[in-house]
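J.: Shown below is the structure under consideration.
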Amino acid sequence: MRIAVVDYIRCGLVLFGGLLIALPTSANDRPNIIYLMTDDQRADSLGCMGNSIIQTPHIDDMARQGVVFENAFVTTAICMTSRACVFTGQYAARHGIWDFSTELTEDQLSKTYLGQLHAAGYRTGFIGKWGVGDPKSADALLDFNQGFSGQSQYFAGDVQKKQGRHLTAKIGDQALQFLQECDAAQPFHLSISFKAPHCQDSRDILSDQFPSDPTYESLYESITIPAPYTAAAEYYDRMPDFLKNSINRDRWAVRFRSPSRYQQSVKDYYRLITGVDAVVGRIRAALKEHGFEDNTVIIFTSDHGFFLGEYGFAGKWTPHDVSIRVPLVIYDPRLASRANPLRRSEIALGIDMAPTILGYAGVTRPREMQGVSLKPMIEGRQSSLWRTSFFYEHWFTAGGRIMPCEGVRDARWKYGRYFVPGQVVAGVARWEELFDLKTDPHETVNLARDPAYADVLEQQRAAWRRWRQQVQ
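So the working numbering is basically just the index in the sequence shown, starting at one, shifted up by 178.
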C-alpha cells in the first residue's frame with residue numbers, strides 16, 4: 179500500500195534523503211515563551227527570595243511552581259551592555275556594546291534569540307525598554323514591536339503629580355493585546371522589558387526618584403524598612419577616594435541622604451516592583467483565558483541589581499553582589515506538577531537567557547553564544563559539569579564618574595580589579611579587591627593588601643587573566 183507524503187507529515191515525520199525525520203508532534207515540543215526582565219531589581223527584592231516586606235504574590239506563586247536560581251548574576255551591571263549580553267548570549271568583550279550609542283549590527287540581531295525564534299517560525303513580540311539603540315532596528319525580527327528607546331517616563335503627564343496611566347500598567351495593556359492576537363496554531367515568544375523599578379533620573383533632590391503607581395501608594399506606609407548595616411558611615415569610609423567621589427555617591431545623596439528620604443525611596447522602589455508583579459498576574463490570567471496557560475514557559479529576571487544605600491552608594495556598576503546579583507525564576511507549566519518547588523544553587527548568568535530561551539524552542543544556539551541553556555538543569559538532565567566561577571566586566575565610564583573594572587567571582591572568593599583611566603585594555607590596576615564570601619558575604623573586609631592572603635590574591639589574578647582571554 180502506498181502512503182502519501184502528507185500521511186507522514188500528519189504522523190510527525192518527513193522523508194528526507196530516504197530517512198524518516200521526526201518533526202514536533204505537539205504544541206508541547208514548541209512551547210510559547212515569555213521573557214520578563216525588570217530594570218535595576220536586586221535579587222533580594224522578591225518574597226520568594228526571602229524578603230518578608232515586599233509584596234510579590236504572583237511571582238512568588240510562579241516560584242512555588244517553578245525553579246528559583248539562588249545564585250543568578252549578570253556579567254556587567256549597566257543597562258545597555260547587560261541587555262546586549264542577554265540578547266546575544268555573549269560577554270560584552272565579544273559583542274562590543276559598551277555605550278548608549280552603539281547598536282547591534284544586522285548580523286548580530288539575526289543571531290539574537292529574537293532573530294533565531296523569528297527564523298524558526300515563532301510569532302515574536304517585544305514590549306518596553308529596548309536599551310540598545312533604536313528598537314526599530316529589530317522591526318524585521320518582530321511581529322509586534324512596542325519597544326521604546328531611552329528611559330521613557332513613568333507618566334505621560336506631570337511625573338511628580340503622577341498624571342496619566344503608569345508606564346508599568348501600559349506595558350501590561352500591551353502584553354494583553356499581544357496575547358489576544360496570538361493563535362494556538364503558531365507558537366509565540368514575547369519579551370517584556372520593564373522600566374521599573376529603575377529610578378526616574380533627576381538631580382533634583384526634592385523630586386520623586388521612583389514614581390510608583392498611585393494604586394500602590396498606601397502599600398508599606400506603616401512599615402519602617404531597615405537600612406542595611408553596611409549603610410553605616412564606616413563602610414563608606416573604607417572605600418577608595420575614586421569611589422567615594424563617584425556617581426554612586428552622587429546618586430546616594432539624591433535618593434538616600436536622610437532616614438526619611440531612604441524610607442520614601444525604598445518604599446517607592448518596592449511599590450514599583452509590586453506594580454510589575456501585578457502585570458505578571460494579569461499576564462497569567464490572560465494566558466488562562468486564551469488557553470495558553472498549559473504550554474507557556476515564563477522566565478522572570480532583571481538586567482542587574484541595585485545599591486539601596488550599601489557602602490553609602492546608590493546605582494550599580496561595581497562588582498559588589500548587590501549590584502550584579504539578580505532574581506531568576508523559570509516556570510514551565512509542564513513540570514509544575516512536581517511535589518516540591520525546586521531551588522538551584524548553581525551559578526546562572528544573564529548570558530544564559532538566550533540559550534535557555536532557544537533551548538525551550540528546540541532551536542540550536544548560534545556558535546557565537548557563550549551562555550549555556552538552563553533547560554536541562556531545570557529538567558534534571560544536566561551534566562555533572564557546570565561553571566564554578568564567572569567573569570565580570572564593566573568598561574563604561576560616564577565621562578570619568580564611573581570607574582571601569584573587571585573581576586572574577588566563585589562560591590568562595592571575589593576578585594575585583596579597577597583600572598587606571600585610559601589603560602583599561604592593558605588591564606593596569608588602580609585598585610584591587612579580594613573578599614572571602616564564606617566569612618564576609620557582605621564584602622566589608624578587603625583582603626587584597628593583607629599579606630596572609632598574598633597567595634590567594636595571586637591565584638585570583640591568574641584566574642582573571644585566564645577569563646579575560648577566554649571571553650574574547
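Using N, Cα and C, we set each Cβ at its ideal position, and we do this for glycine too.
1) Taking the beta carbon of residue 536 as the centre, do at least 16 other beta carbons fall within 10 Å, making it buried, or is it exposed?
2) Using a threshold of 9 Å, state whether the C-beta atoms of residue 490 and residue 422 are closer than that.
3) Can you give me the start and stop residues for the beta strand (DSSP E) that residue 310 sits inside?
4) Taking residue 440 as part of the alpha helix (DSSP H), name the residues at either end of that continuous run.
5) Suppose the cutoff is 8 Å on Cβ atoms and the five residues either side in sequence are ignored; what does the same chain contact list for residue 276 look like?
6) Exposed or buried, which one is residue 407 when buried takes at least 16 other CB atoms within 10 Å?
7) Classify residue 647: buried if its beta carbon has 16 or more other beta carbons within 10 angstroms, exposed otherwise.
8) Which residue or residues does DSSP assign as beta-bridge partners of residue 216?
9) Using alpha carbons as the reference points, say which of 549, 222, 261 and 586 lies closest to residue 497.
10) Using only the alpha-carbon positions, how far apart do residue 343 and residue 630 sit?
11) Quick check on the DSSP output: the beta strand (DSSP E) that includes residue 596 runs from which residue to which?
12) Nearest-angstrom Cα distance between residue 482 and residue 405?
13) Quick one, which of 249, 473, 619 and 450 has its alpha-carbon nearest residue 378's?
14) Is the beta carbon of residue 479 closer than 9 Å to that of residue 504?
15) Spell out the partners DSSP gives residue 302 in its beta bridges.
16) Does the structure place the region 290 to 310 close enough to the region 354 to 374 that three or more beta carbon pairs sit under 8 Å?
17) So what's residue 471 in DSSP terms, helix, strand or just coil?
18) Under 7 Å Cβ to Cβ from residue 208, same chain only, skipping five residues before and after it: list those, please.
19) When DSSP labels each residue in this structure, what does residue 666 get in the three-state scheme?
20) Per DSSP, residue 665 is paired with what?
21) Grab me the residues of residue 533's own chain with a C-beta within less than 7 Å of its C-beta, minus the 5 sequence neighbours each way, in chain order.
22) With a Cβ-Cβ cutoff of 9 Å, do residue 220 and residue 500 count as a contact?
23) Determine, using beta carbons only, whether residue 521 and residue 247 come nearer to each other than 9 Å.
24) Strictly by DSSP, which residues pair up with residue 601?
T.: By the coordinates alone:
1) Here residue 536 is taken as the residue at index 358 of the sequence shown, counted from 1. Buried, because 16 or more other Cβ atoms sit within 10 Å of the Cβ of residue 536.
2) Stepping through the sequence shown from its first residue, residue 490 is reached at position 312. Stepping through the sequence shown from its first residue, residue 422 is reached at position 244. In this structure, residue 422 lies closer than 9 Å to residue 490 by Cβ.
3) Mapped onto the sequence shown, residue 310 falls at position 132. Here residue 310 belongs to no beta strand (DSSP E), and DSSP marks it neither H nor E.
4) Position 262 of the sequence shown, counted from the first residue, corresponds to residue 440. Per DSSP, residue 440 belongs to the alpha helix (DSSP H) from 437 to 467.
5) For the purposes of this step, residue 276 is taken as residue 98 along the sequence shown, with counting starting at 1. Around residue 276: 259, 270, 573 and 574.
6) The residue you call residue 407 lines up with position 229 of the sequence shown. Exposed, by the Cβ-count rule.
7) Taking the sequence shown and counting its residues from 1, the one referred to as residue 647 is at position 469. Exposed, because fewer than 16 other Cβ atoms sit within 10 Å of the Cβ of residue 647.
8) Here residue 216 is taken as the residue at index 38 of the sequence shown, counted from 1. Answer by DSSP bridge pairing, in chain order: 480.
9) Counted from its first residue, the sequence shown places residue 497 at position 319. Nearest of 549, 222, 261 and 586 to residue 497, Cα basis: 586.
10) Position 165 of the sequence shown holds residue 343. Position 452 of the sequence shown holds residue 630. So the alpha carbons of these two residues sit roughly 58 Å apart.
11) Position 418 of the sequence shown holds residue 596. Start and end: 591 to 597.
12) Residue mapping note: residue 482 aligns to position 304 of the sequence shown, counting from 1. Residue mapping note: residue 405 aligns to position 227 of the sequence shown, counting from 1. If you take the alpha carbons of residue 482 and residue 405, they lie about 20 Å apart.
13) Taking the first residue of the sequence shown as position 1, residue 378 is located at position 200. The shortest Cα separation from residue 378 among 249, 473, 619 and 450 belongs to 450.
14) Along the sequence shown, read from residue 1 onward, the residue named residue 504 stands at position 326. Along the sequence shown, read from residue 1 onward, the residue named residue 479 stands at position 301. It is a contact, given that the beta carbons lie within the stated cut-off.
15) Residue mapping note: residue 302 aligns to position 124 of the sequence shown, counting from 1. Paired residues: 367.
16) yes
17) For the purposes of this step, residue 471 is taken as residue 293 along the sequence shown, with counting starting at 1. DSSP places residue 471 in helix when its eight states are reduced to three.
18) Counted from its first residue, the sequence shown places residue 208 at position 30. Counting only Cβ-Cβ distances below 7 Å, and skipping sequence neighbours, we find 202, 365, 539 and 540.
19) Because residue 666 is not part of the residues shown, which for the chain are 179 to 650, the question remains open.
20) No answer is possible for residue 665: it lies beyond the span of the chain, which begins at 179 and ends at 650.
21) The residue you call residue 533 lines up with position 355 of the sequence shown. Once the five neighbours on either side are set aside, the close Cβ partners of residue 533 are 267, 543, 547, 549, 550 and 551.
22) In the sequence shown, counting from the first residue as 1, residue 220 sits at position 42. In the sequence shown, counting from the first residue as 1, residue 500 sits at position 322. Result yes, Cβ atoms of residue 220 and residue 500 sit closer than 9 Å.
23) Looking up residue 521 in the sequence shown gives position 343. Looking up residue 247 in the sequence shown gives position 69. Yes, Cβ-Cβ distance for residue 521 and residue 247 is below 9 Å.
24) For the purposes of this step, residue 601 is taken as residue 423 along the sequence shown, with counting starting at 1. For residue 601, which the question treats as bridged, DSSP gives no partner whatsoever.
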